[in-house]
Amino acid sequence: EPFVADEYIERLAWRTPGGGSRGGEAFDPKRLLEEFVNHIQELQVMDERIQRKVEKLEQQCQKEAKEFAKKVQELQKSNQVAFQHFQELDEHISYVATKVCHLGDQLEGVNTPRQRAVEAQKLMKYFNEFLDGELKSDVFTNSEKIKEAADIIQKLHLIAQELPFDSIMDFCCYPLSSPGKYHDLECQLIQEFTSAQRRGEISRMREVAAVLLHFKGYSHCVDVYIKQCQEGAFLRNDVFEDAAILCQRVNKQVGEVFSNPETVLAKLIQNIFEVKLQSYVKDQLEEHRKSDAEQYLKNLYDLYTRTTNLSSKLMEFNLGTDKQTFLSKLIKSIFIPYLENYIEVEIGYLKSRSAMILQRYYDSKNHQKRSIGTGGIQDLKERIRQRTNLPLGPSIDTHGETFLSQEVVVNLLQETKQAFERCHRLSDPSDLPKNAFRIFSMLVEFLCTEHIDYALETGLAGIPSSDSKNANLYFLDVVHQANTIFHLFDKQFNDHLMPLISSSPKLSECLQKKKDIIEQMEVKLDMGIDTLNCMIGQMKHILAAEQKKTDFKPEDENNVLIQYTNACVKVCAYVRKQVEKIRNSMDGKNVDTVLMELGVRFHRLIYEHLQQYSYSCMGGMLAICDVAEYRKCAKDFKIALVLQLFDTLHALCNLLVVAPDNLKQVCSGEQLANLDKNILHSFVQLRVDYRSARLARHFS
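When we follow UniProt numbering, the leftmost residue of the sequence shown carries the number 1, and every step to the right adds one.
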């Protein structure tokens with residue numbers, strides 16, 4: 001423990017009798033002093049003893065340090081001597097090594113010609129056997145030494161190839177030329193390779209392939225290997241999956257057998273594409289090429305997609321430096337006869353299919369599609385332009401049929417969607433925007449022109465004249481369906497066409513074509529505004545049939561029980577129905593535009609209608625109630641201008657019941673102050689008491 005002087009003194013005093021630390025004892029300072037003096041003496045003696053021991057240890061340490069330094073010096077001297085000896089030994093080893101290398105070079109210079117001479121002697125011996133026509137050497141008769149025989153035959157064949165043909169015949173060494181023993185042995189090696197492959201002996205295959213590598217028939221060995229690999233590999237119906245599995249299996253094996261595995265695997269893939277796949281594709285496509293365009297296009301798209309997917313899987317293997325180009329050329333070699341005229345087949349099929357879908361629909365409606373005559377439509381345009389109420393003559397009765405079908409539209413869009421998908425997959429990148437535009441043009445022709453535009457023209461021709469009774473206004477149904485269909489058309493334009501043309505000049509051309517279609521349809525929809533004249537005509541018929549003169553000038557002023565007239569009830573019900581139909585048929589700003597036009601015409605009709613009657617006091621109150629109901633109906637339009645017009649009309653009707661003394665005050669009110677005085681006067685004149693001198697005097 002660390003030494004603490006205060007604690008040490010306390011313990012010493014505590015142990016000393018009379019130290020005063022223990023209770024009950026008297027403090028004895030002398031005894032305590034005596035104890036301290038004795039203890040100090042003991043500490044001094046202990047200090048002297050320890051000091052002597054320290055000095056002794058220091059002397060011993062100095063002595064050992066001197067001895068150690070002397071020993072280190074001796075070791076350094078020994079190390080220097082050893083290093084000197086090592087240098088001498090290294091120099092001697094280098095000298096000996098130089099001598100050995102020189103001697104080795106001399107031996108090699110002597111041995112190499114000797115080995116060549118021995119090999120030449122052996123070749124001459126074998127050459128003599130060929131000249132004699134009898135092969136006696138074990139290397140030729142022992143089938144297990146076919147590798148050594150192959151090496152000898154290869155060398156002799158090279159020698160024979162260097163000799164002139166006449167010399168070959170003179171020396172009777174024709175068997176060494178191309179049709180001779182060389183090819184016999186080559187065939188034996190290939191046969192041995194084939195047998196080893198069938199037995200699954202990879203090591204033997206590798207040995208034979210290594211021997212054949214120097215023979216001309218090495219490529220034939222590769223061909224045999226490729227042919228053997230494919231035996232039993234294509235037993236299922238899915239040739240593409242079989243090909244992928246085969247290549248996966250061969251890829252693991254080919255590196256263990258051949259020294260150039262990437263070349264062999266590439267040749268296998270080329271053989272699969274040019275033989276198996278090309279034959280399969282041809283069988284699948286030629287069957288329907290001329291008889292069934294739909295099935296032909298589906299098969300072409302499916303086969304091309306599956307082939308490119310197989311190519312993507314094969315990209316994982318080592319096929320050389322430019323495997324992307326290699327596989328692309330293989331795919332192109334298979335499909336080039338079909339892709340050259342693909343778009344013509346696509347457009348022809350799409351045209352005939354779309355025409356059939358439309359014709360089948362019109363046949364189901366027992367409708368003979370007619371060409372809308374220019375005269376009727378032009379007359380209608382002229383009438384709309386002039387905003388007159390001239391009758392159009394007999395209109396086409398559509399019997400409530402809009403001649404628009406979402407089923408037809410979905411079928412057309414589905415066919416076009418599939419065409420876009422095929423176009424994206426099968427078209428050359430440089431031709432893709434152009435081909436996509438042609439497909440889009442087909443969609444515009446059959447969906448927009450032949451179906452929507454025809455329905456709009458038929459609907460326009462079927463709009464009844466404004467004086468027709470009980471006219472059915474089906475044109476709004478046509479507008480509603482056309483609007484829905486065009487949204488579907490626009491969605492396909494954005495989802496399927498835009499990605500194909502977004503980075504090409506065809507983008508602006510397609511956008512312009514779409515814009516022209518929209519403008520053309522909007523013109524026809526604007527022409528359909530004449531439907532509002534029919535609505536107003538229907539309201540006129542209701543008012544003429546239901547409104548009576550006695551409604552506003554009852555015989556018994558004190559016995560009027562109705563809140564508003566029957567004509568008002570029927571007109572408001574009809575208007576609410578038409579407003580709802582307009583909202584369901586249109587969207588966006590078109591709704592507000594049409595409702596504003598209808599509201600203004602509705603106000604004009606009621607205003608002119610009220611001008612036809614004379615009003616008693618109670619009749620004026622009833623007219624005010626009618627206008628209040630009309631105003632409530634006008635709120636459904638949600639158009640500020642229309643509501644303001646009916647508010648003003650309601651204020652004008654107050655002139656029919658106000659007391660003569662208050663006429664000037666009412667006319668100067670907020671709602672009537674800005675109106676022309678003639679308008680105010682015309683309403684006051686409708687009062688039955690207008691001719692009284694008092695009323696005339698007050699209003700003047």
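Don't be surprised by glycine CBs; every beta carbon is placed ideally from N, CA and C.
Where Glu192 and Leu314 are concerned, what is the direct C-alpha to C-alpha distance, given to the nearest angstrom? Working through the sequence shown from its first residue, we reach residue 192 at position 192. Working through the sequence shown from its first residue, we reach residue 314 at position 314. Glu192 and Leu314: Cα-Cα distance of roughly 30 Å.
Please say whether Gly200 and Ala266 have beta carbons closer to each other than 8 Å? The count along the sequence shown starts at 1 and reaches residue 266 at position 266. The count along the sequence shown starts at 1 and reaches residue 200 at position 200. It is not a contact, given that the beta carbons lie outside the stated cut-off.
Rounded to whole angstroms, what is the Cα-Cα separation between Ala673 and Asp587? As a working mapping, residue 673 is identified with position 673 in the sequence shown. As a working mapping, residue 587 is identified with position 587 in the sequence shown. In a straight line, the C-alpha of Ala673 is about 37 Å away from that of Asp587.
Where DSSP assigns a beta bridge to Arg687, which residues make up the other side? As a first step, residue 687 must be located in the sequence shown, where it is residue number 687. Note: Arg687 sits in a beta bridge opposite Tyr615.
Contact check, Lys553 vs Gly619 under 8 Å by CB: the rounded distance? Taking the first residue of the sequence shown as position 1, residue 553 is located at position 553. Taking the first residue of the sequence shown as position 1, residue 619 is located at position 619. Right, their Cβ atoms sit about 5 Å apart.
Within 10 angstroms of the Cβ of Leu235, are there 16 or more other Cβ atoms? Answer buried if so, exposed if not. Position 235 of the sequence shown, counted from the start, is the residue given in the question as residue 235. Burial check for Leu235: the Cβ neighbour count within 10 Å stays below 16, so the residue is exposed.
CA-to-CA distance, Gln188 to Lys417, given in whole angstroms: In the sequence shown, the residue the question calls residue 417 occupies position 417. In the sequence shown, the residue the question calls residue 188 occupies position 188. The alpha-carbon separation between Lys417 and Gln188 amounts to approximately 60 Å.
Closest by C-alpha distance to residue 719, when choosing among Phe403, Pro429, Ser364 and Leu432: Residue 719 cannot be examined here, being either before or after the span of the chain that is shown, 1 to 700.
Alpha carbons only, please: which of Val410, Asn435, Phe437 and Leu476 is nearest the one belonging to His451? The residue you call residue 451 lines up with position 451 of the sequence shown. The option with the nearest alpha carbon to His451 is Val410.
Apart from the five residues just before and just after Cys625, which ones in its own chain have a Cβ nearer than 6 Å to its Cβ? By one-based count along the sequence shown, residue 625 stands at place 625. Cβ within range, chain order: Gln563 and Tyr564.
What does the alpha-carbon distance come out to for the pair Asn309 and Ala117? Stepping through the sequence shown from its first residue, residue 309 is reached at position 309. Stepping through the sequence shown from its first residue, residue 117 is reached at position 117. Looking at the two C-alpha atoms, the distance is approximately 60 Å.
When you compare the CB positions of Leu268 and Ile334, do they come within less than 8 Å of one another, or not? What you label residue 268 is simply residue 268 of the sequence shown in a count that begins at 1. What you label residue 334 is simply residue 334 of the sequence shown in a count that begins at 1. It is not a contact, given that the beta carbons lie outside the stated cut-off.
Candidates Arg306, Tyr280, Tyr296 and Asp322, of which the one nearest Glu262 by Cα: If you number the sequence shown from 1, residue 262 lands on position 262. That would be Asp322, whose Cα lies nearest to the Cα of Glu262.
Name the residue from Lys581, Gln228 and Asp592 whose alpha carbon lies nearest to the alpha carbon of Leu641. As a working mapping, residue 641 is identified with position 641 in the sequence shown. It is Asp592 whose Cα lies nearest to the Cα of Leu641.
The alpha helix (DSSP H) enclosing Met521, as first and last residue numbers: Start at 1 with the first residue of the sequence shown, and residue 521 comes out as number 521. First-last of the alpha helix (DSSP H) with Met521: Lys506 to Met527.
Three-state secondary structure assigned by DSSP to Gly232: Locating residue 232 in the sequence shown gives position 232, counting from the first residue. Gly232 falls in the coil class under three-state DSSP.
Mapping DSSP to helix, strand and coil, what is Arg15? Here residue 15 is taken as the residue at index 15 of the sequence shown, counted from 1. Of the three classes helix, strand and coil, the one that applies to Arg15 here is helix, per DSSP.
Would you identify the three-state DSSP class for Asp242, choosing helix, strand or coil? Looking up residue 242 in the sequence shown gives position 242. Here Asp242 sits in helix by DSSP.
Check whether the Cβ atoms of Val408 and Tyr342 lie closer than 8 Å to each other. Residue 408 sits at position 408 when you count from the first residue of the sequence shown. Residue 342 sits at position 342 when you count from the first residue of the sequence shown. For Val408 and Tyr342, no; Cβs fall outside 8 Å.
For Thr16, which residues from the same chain have a beta carbon less than 6 Å from its beta carbon, with the 5 sequence-adjacent residues on both sides left out? Along the sequence shown, one-based indexing puts residue 16 at 16. Only Leu32 and Glu35 meet the Cβ criterion.
Classify Thr112 as buried or exposed, calling it buried when 16 or more other Cβ atoms lie within 10 Å of its own Cβ. For this step, residue 112 is matched to residue 112 along the sequence shown. Exposed, because fewer than 16 other Cβ atoms sit within 10 Å of the Cβ of Thr112.
Ignore the nearest five residues each way along the sequence and tell me which others in Phe273's own chain have a CB closer than 6 Å to its CB. The residue labelled residue 273 in the question sits at position 273 within the sequence shown. Around Phe273: Leu330.
DSSP-derived helix/strand/coil call for Tyr564: To locate residue 564, count along the sequence shown from 1; it is residue 564. It is coil, neither helix nor strand.
Beta carbon of Leu663 nearer than 8 Å to that of Val688: Here residue 663 refers to the residue found at position 663 of the sequence shown. Here residue 688 refers to the residue found at position 688 of the sequence shown. Not in contact: Leu663 and Val688 (Cβ atoms no closer than 8 Å).
Given a threshold of 16 other Cβ atoms within 10 Å of its Cβ, counted over all protein chains shown, does His496 qualify as buried or as exposed? Taking the sequence shown and counting its residues from 1, one reaches residue 496 at position 496. Counting Cβ neighbours within 10 Å, His496 comes out buried, since at least 16 surround it.
From the DSSP output, in three-state form, read off Ile439 for me. Locating residue 439 in the sequence shown gives position 439, where the first residue counts as 1. DSSP, read as helix, strand or coil, puts Ile439 in helix.
Going by DSSP in three states, Pro429 sits in which element: helix, strand or coil? Looking up residue 429 in the sequence shown gives position 429. Coil.
Lys548 classed as buried or exposed, judged by whether at least 16 other C-beta atoms fall within 10 angstroms: Position 548 of the sequence shown, counted from the first residue, corresponds to residue 548. Exposed, by the Cβ-count rule.
Could you name the residues of the same chain whose beta carbon sits closer than 7 Å to that of Ala628, not counting the 5 residues immediately before and after it, in chain order? Counted from its first residue, the sequence shown places residue 628 at position 628. Cβ within range, chain order: His650.
Nearest candidate by alpha-carbon position, reference Pro505, set Thr449, Asp477, Asn435 and Asp453: Translated into positions along the sequence shown, residue 505 becomes position 505. Minimum Cα distance to Pro505 is reached at Asn435.
Proximity below 8 Å, CB of Leu476 to CB of Ile582: Locating residue 476 in the sequence shown gives position 476, counting from the first residue. Locating residue 582 in the sequence shown gives position 582, counting from the first residue. Against a cut-off of 8 Å, the Cβ pair of Ile582 and Leu476 comes out as a contact.
Give the C-beta separation of Ile202 and Val257 to the nearest angstrom, bearing in mind that I take them to be a contact with Cβ-Cβ under 8 Å. To locate residue 202, count along the sequence shown from 1; it is residue 202. To locate residue 257, count along the sequence shown from 1; it is residue 257. Sure, about 6 Å apart at Cβ, within 8 Å.
Just the Cα atoms here: how many angstroms apart are Ala26 and Phe3? Locating residue 26 in the sequence shown gives position 26, where the first residue counts as 1. Locating residue 3 in the sequence shown gives position 3, where the first residue counts as 1. Going from the Cα of Ala26 to the Cα of Phe3 covers about 29 Å.
Buried or exposed: Phe437, going by 16 or more other Cβ atoms within 10 Å of its Cβ? Start at 1 with the first residue of the sequence shown, and residue 437 comes out as number 437. Answer is buried; the Cβ neighbour count reaches 16.
How close, in whole Å, do the beta carbons of residue 704 and Leu432 come, if the pair is a contact with beta carbons under 8 Å? Nothing in the structure corresponds to residue 704, since the chain is present only between 1 and 700.
Please report the Cβ distance between His609 and Leu645, rounded to the nearest whole angstrom; I am assuming they are in contact, meaning their Cβ atoms lie under 8 Å. Counting from 1 along the sequence shown, the entry for residue 609 is found at position 609. Counting from 1 along the sequence shown, the entry for residue 645 is found at position 645. Not confirmed; about 14 Å, so no contact.
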